[in-house]
Amino acid sequence: MKKPAFRISTGAGLLSAALLLGSAPGVQAAPPLPVEQLTGGHSVKVAPDQRIYVMDSVFFHLTDSRLKEFDRNTGKLLGMIPTAFNGQAQVSRDGKQIYVATTYFERITRGERTDVVEVWDNEKLSFVREIKIPPKRAGSLNYDGIFRQTGDGHFVLVQNATPAASVSVVDMRKNAFVDEITATAGCWSIIPVPGMPRSFSTICGDGALLTITLGDDGKVASQARSEPMFPVKDDPVFITPGRLSNAMVFVSFYGNVYTARPQKDGAMKFDPVWSLLDDADRAQHWVPGGYNLLAVEPKSERLYIFMHPDGVEGSHKHPAAEIWVYDLKTRKRIARVPGKDALSMSVIPGKKPQLLTIDGGNVHVYDISKPEPKEVLTIPEAAEASLQLMGYAGGGNG
Numbered sequence: 000m001k002k003p004a005f006r007i008s009t010g011a012g013l014l015s016a017a018l019l020l021g022s023a024p025g026v027q028a029a030p031p032l033p034v035e036q037l038t039g040g041h042s043v044k045v046a047p048d049q050r051i052y053v054m055d056s057v058f059f060h061l062t063d064s065r066l067k068e069f070d071r072n073t074g075k076l077l078g079m080i081p082t083a084f085n086g087q088a089q090v091s092r093d094g095k096q097i098y099v100a101t102t103y104f105e106r107i108t109r110g111e112r113t114d115v116v117e118v119w120d121n122e123k124l125s126f127v128r129e130i131k132i133p134p135k136r137a138g139s140l141n142y143d144g145i146f147r148q149t150g151d152g153h154f155v156l157v158q159n160a161t162p163a164a165s166v167s168v169v170d171m172r173k174n175a176f177v178d179e180i181t182a183t184a185g186c187w188s189i190i191p192v193p194g195m196p197r198s199f200s201t202i203c204g205d206g207a208l209l210t211i212t213l214g215d216d217g218k219v220a221s222q223a224r225s226e227p228m229f230p231v232k233d234d235p236v237f238i239t240p241g242r243l244s245n246a247m248v249f250v251s252f253y254g255n256v257y258t259a260r261p262q263k264d265g266a267m268k269f270d271p272v273w274s275l276l277d278d279a280d281r282a283q284h285w286v287p288g289g290y291n292l293l294a295v296e297p298k299s300e301r302l303y304i305f306m307h308p309d310g311v312e313g314s315h316k317h318p319a320a321e322i323w324v325y326d327l328k329t330r331k332r333i334a335r336v337p338g339k340d341a342l343s344m345s346v347i348p349g350k351k352p353q354l355l356t357i358d359g360g361n362v363h364v365y366d367i368s369k370p371e372p373k374e375v376l377t378i379p380e381a382a383e384a385s386l387q388l389m390g391y392a393g394g395g396n397g
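The sequence shown begins at 0 in numbering that gives the first Met the number 0 and counts up one residue at a time.
See below:
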């Protein structure tokens, strides 16, 4: 058999010619780039409440997750903090620090496991200290209810799963792990209770809310379990609610709204259930979908939620076709805008409230001072694979 002739592509031929010419006598090579000098000691000049914090899980290399900070007015990248293996992050109550809950393995992907809560300086984006916690933290995607702080900022709370559910408590004033709460077995997520600085609620398997109140030592001082708030099989809820000053607003997979109002004794009162949907919406099978898919702006008492049509069993994480806005006082929809395939959102309250959304990579910033959100900024390619973003409004994001 005759051996086929070897052929070189046109592109490869041009490349070879260029390389030969570059090494030919008389041809001047480009000068080498100067070596970059790393000076250190820099600070972020943008105030904490003027930043957007994007938790990038970098899904295809989870050992290298990071928190990226952007200027919420210009979209400029300000810096980043490494958060190691599938880390979780939040801004401290005073805005001066970043808390990170993360995991290290002795050989990166194997070996002895160490779980820590790290403290980072939010001005210099530099490491301050770490606090070891039991190696049990949930290896979860970045849902808001996995890593929180109490309303007064005294304690940080970490959701555990072994798969048994428990919560680790860290005293941020003493920089010490203080307790593992096992009373939350059979329940999931951490929800700081509005108006109760040392209390959090968690959603239990029977649809009830378990509310835990901590003492000054970080240990359980009291607990109260409500009646079931929702029927688990027929109308499951998303785990993270929107929070008002006196209530927690949950939404179910089928668009029903459950409002829980905490009482001083730890009990819960529930408002009558109502629906986001009218008959026309139901005919088109509109349903909520996403990851951190809803938020409440507390001053206006408006609910923002991602929605998509043609919903079916299992579409509860589909990206947003639209963002719907509801007045919680009247329980009426007051606006709907394109969702841009967003997966997660967050609200920054204040005099100039903003809605932040992310589709995994691109951040969209909306002015929500009026009923209809108005997009004012896009930050393209803000992350490789992000399902969480947050702002800071003088009280942390917990």
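Where a beta carbon is used, it is the ideal one built from N, C-alpha and C, also for glycine.
For the candidate residues the options, whose alpha-carbon lies nearest to that of residue i?
i, options, result
"residue 92", "226, 289, 149 and 382", "149"
"residue 345", "221, 331 and 385", "385"
"residue 300", "188, 247, 31 and 74", "247"
"residue 43", "63, 99 and 75", "75"
"residue 251", "58, 243 and 275", "275"
"residue 90", "83, 99, 84 and 82", "99"
"residue 185", "160, 333, 243 and 363", "160"
"residue 127", "309, 171 and 46", "171"
"residue 369", "303, 113, 224 and 201", "303"
At the level of alpha carbons, what is the spacing between residue i and residue j?
i, j, result
"residue 198", "residue 376", "36 Å"
"residue 392", "residue 55", "21 Å"
"residue 305", "residue 318", "8 Å"
"residue 323", "residue 106", "46 Å"
"residue 86", "residue 121", "17 Å"
"residue 282", "residue 312", "16 Å"
"residue 339", "residue 228", "32 Å"
"residue 314", "residue 288", "7 Å"
"residue 269", "residue 66", "36 Å"
"residue 389", "residue 30", "44 Å"
"residue 351", "residue 110", "48 Å"
"residue 73", "residue 49", "10 Å"
"residue 221", "residue 163", "21 Å"
"residue 20", "residue 33", "Bear in mind that the predicted position of residue 20 carries a pLDDT of just 45, short of 50, making it unreliable; the figure below should be weighed with that in mind. Computed Cα separation, rounded: 24 Å."
Would you kindly report the start and end of the unbroken alpha helix (DSSP H) that includes residue i?
i, result
"residue 278", "278 to 282"
Would you mind stating whether residue i and residue j have Cβ atoms separated by less than 9 Å?
i, j, result
"residue 179", "residue 230", "no"
"residue 254", "residue 278", "no"
"residue 182", "residue 156", "no"
"residue 188", "residue 158", "yes"
Which residues bound the beta strand (DSSP E) around residue i?
i, result
"residue 117", "112 to 120"
"residue 142", "From DSSP, residue 142 is part of no beta strand (DSSP E); its letter is neither H nor E."
"residue 175", "175 to 180"
"residue 376", "373 to 378"
"residue 45", "Unbroken run through residue 45: none, as it is neither H nor E."
"residue 68", "64 to 70"
"residue 78", "76 to 90"
"residue 59", "No beta strand (DSSP E) contains residue 59, which DSSP labels as neither H nor E."
"residue 258", "255 to 261"
Give a yes or no on whether 9 Å exceeds the smallest Cβ distance from residue i to chain B.
i, result
"residue 47", "Absent from the structure is chain B; it holds one protein chain and no more."
Using a Cβ-based criterion (distance less than 8 Å to any ligand heavy atom), does residue i qualify as near the ligand FMN?
i, result
"residue 344", "Here there are no bound small molecules, and the ligand FMN is not part of this structure."
Looking at C-beta atoms only, is the number of pairs between the segment 203 to 211 and the segment 135 to 144 that lie closer than 8 Å three or more?
Verdict: no, contact absent.
Do three or more CB pairs link the segment 212 to 220 to the segment 235 to 249 at distances below 8 Å?
Counting Cβ pairs under 8 Å, fewer than three are found: no touch.
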